[in-house]
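**Student:** The structure that follows is given in the form of structure tokens.
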Amino acid sequence: MSMNGFIESHTHASMVPYDGFKSMAAKGINKAVSCAIVISARHAESYFDHFRMISGFYRQVAATCGVELFSAVGIHPVGIPDDWTRVIDRLPEFLRDDTVVAIGEVGMNHASPLEKDVLRAQLEVAVNHNVPVIIHTPKENRPHIVDITLNIAVQAGIEPGLLVIDHANLDIIKQINDFGAIPGITVREQNMTPEVLVENLDLFKNGMLNSDYSNIMPNDPVGLIKAVEYMQSRQIDLNIIQEMAGGKAARVYRLPAGVD
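Just so you know, the sequence shown maps onto residues 1 to 260 in UniProt numbering.
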């Protein structure tokens with residue numbers, strides 16, 4: 001992968017403005033993985049429509065800007081519908097789409113019994129279909145909830161190298177590394193800054209960079225490029241930068257070759 005063949009490993013395409021996709025392509029991001037999120041979902045159909053919208057309409061929009069869009073499917077903890085088991089039952093169908101590369105973004109905010117059940121069910125689907133899982137981590141009680149998440153992952157039998165624990169930071173990185181999971185590194189002020197990343201690179205170099213763009217907080221659709229540029233300015237090994245900014249994502253999500 002050349003230094004301008006970057007992969008945005010976690011974004012939300014339905015929240016990315018057209019200019020955001022244009023900025024991605026201009027900065028050398030030519031592949032992206034869009035995670036599922038339906039805030040306050042009440043019905044399974046909300047997710048079915050969302051999955052189709054990302055893999056159809058938004059994939060076409062991104063392509064017009066020069067970005068090849070892939071997607072992950074799953075139930076985000078901010079929107080667990082009353083009939084959530086119907087979504088679980090249909091996940092294998094959506095996973096048959098070649099452009100769907102993972103289950104995600106899934107996880108817990110409070111580790112409620114419902115959240116645990118929904119996460120466990122999705123991890124079991126991932127194990128049965130040998131696909132990676134993108135795990136959301138909350139703003140509060142993070143080490144405690146990550147511990148519970150990893151225990152559920154062990155029970156489900158998922159391969160650690162197929163588990164991406166996102167929004168990794170200094171508070172949970174040891175848990176992630178000890179488990180053998182992959183740190184998802186969200187580059188923005190309220191998550192990981194390029195300076196903290198470089199200062200602690202040995203802890204995070206097994207991870208993959210992302211911007212986790214959404215329109216519900218201040219962030220940047222090409223935030224990961226800030227980390228790339230800062231790492232370059234600090235003379236970090238280009239092989240490490242390439243791995244974190246695309247190489248690992250290409251392998252974990254089994255993306256087709258040809259990132260340029």
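For each residue, glycine too, the CB sits at the ideal point set by N, CA and C.
Assess, as a yes-or-no matter, whether the region 10-24 is touched by the region 208-215 under the definition of 3 or more beta carbon pairs within less than 8 Å.
**Tutor:** Yes, since at least three Cβ pairs between the region 208-215 and the region 10-24 fall closer than 8 Å, the two stretches touch.
**Student:** Return the chain-ordered list of same chain residues with a C-beta closer than 8 Å to the C-beta of A72, the five sequence neighbours on each side being excluded.
**Tutor:** Numbered from 1 along the sequence shown, position 72 holds the residue referred to as residue 72. Around A72: V33, S34, C35, A36, V100, V101, A102, I103, G104, E105 and I134.
**Student:** Output the distance between the C-alpha atoms of I176 and F204, rounded to the nearest integer angstrom.
**Tutor:** Along the sequence shown, one-based indexing puts residue 176 at 176. Along the sequence shown, one-based indexing puts residue 204 at 204. When rounded, the distance between both Cα atoms is 10 Å.
**Student:** Once you ignore the five residues that flank V118 on each side, which residues in its own chain have a CB closer than 7 Å to its CB?
**Tutor:** In the sequence shown, residue 118 corresponds to position 118, counting from 1. The answer, listed in chain order, is I75, I80 and W84.
**Student:** A111 and I158: beta carbons closer than 8 Å?
**Tutor:** Along the sequence shown, one-based indexing puts residue 111 at 111. Along the sequence shown, one-based indexing puts residue 158 at 158. Going by C-beta atoms, A111 is not nearer than 8 Å to I158.
**Student:** Grab the span of the alpha helix (DSSP H) containing N239 for me, first residue to last.
**Tutor:** Indexing the sequence shown from 1 puts residue 239 at position 239. Run containing N239: L238 to Q242, per the alpha helix (DSSP H) assignment.
**Student:** Can you name the start and end residues of the beta strand (DSSP E) that A41 belongs to?
**Tutor:** Here residue 41 refers to the residue found at position 41 when the sequence shown is read from its first residue. No beta strand (DSSP E) contains A41, which DSSP labels as neither H nor E.
**Student:** Do F70 and K31 count as a contact pair if the criterion is CB distance below 8 Å?
**Tutor:** Working through the sequence shown from its first residue, we reach residue 31 at position 31. Working through the sequence shown from its first residue, we reach residue 70 at position 70. Cβ distance < 8 Å, so K31 and F70 count as in contact.
**Student:** Whole angstroms is fine: what's the gap from I88's alpha carbon to Q122's?
**Tutor:** Looking up residue 88 in the sequence shown gives position 88. Looking up residue 122 in the sequence shown gives position 122. The straight-line gap from Cα to Cα measures roughly 7 Å.
**Student:** Quick check on the DSSP output: the alpha helix (DSSP H) that includes M24 runs from which residue to which?
**Tutor:** For the purposes of this step, residue 24 is identified with residue 24 of the sequence shown, where counting begins at 1. Run containing M24: Y18 to A26, per the alpha helix (DSSP H) assignment.
**Student:** On the criterion of 16 or more Cβ atoms from any shown chain inside 10 Å, does residue 261 qualify as buried, or is it exposed?
**Tutor:** Not covered by the structure: residue 261. The range shown for the chain is 1 to 260.
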